[in-house]
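J.: Dropping the structure in here first, questions after.
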């Protein structure tokens, strides 16, 4: 593992990142790691087969159709 340091970050960006971290219930460092994981993952995202996706949805134990929509939106917004 290595360390990163970014110099001369505009104050407005720092404030925006802190607000984003707070919304996501993370520390600033945790938010920056989440951003890095999203744009430069260390493990490539695995594509699921339709059978795997179907099994995953069943495992969620959803009882109403609108729950699925809510979960999809929450996952998308992460």
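Residue numbers (the numbering used here): 19 to 96. By construction, the Cβ of each residue, glycine as well, lies at the ideal position given by its N, Cα and C atoms.
1) Since residue 46 and residue 35 should fall inside the 8 Å C-beta cutoff, what is the C-beta to C-beta distance between them, to a whole number of angstroms?
2) Is residue 38 closer than 8 Å to residue 49 when the C-beta atoms are compared?
3) What is the DSSP secondary structure of residue 95, counted as helix, strand or coil?
4) Classify residue 64 as helix, strand or coil using the three-state DSSP reduction.
T.: With the structure as the only source:
1) Taking the chain shown and counting its residues from 1, the one referred to as residue 46 is at position 28. Taking the chain shown and counting its residues from 1, the one referred to as residue 35 is at position 17. Beta-carbon to beta-carbon, residue 46 and residue 35 are separated by about 6 Å, close enough to satisfy the 8 Å threshold.
2) Here residue 49 is taken as the residue at index 31 of the chain shown, counted from 1. Here residue 38 is taken as the residue at index 20 of the chain shown, counted from 1. Yes, they are a contact pair.
3) The count along the chain shown starts at 1 and reaches residue 95 at position 77. Three-state result, residue 95: coil.
4) Position 46 of the chain shown holds residue 64. Taken through DSSP and simplified to helix, strand or coil, residue 64 comes out as coil.
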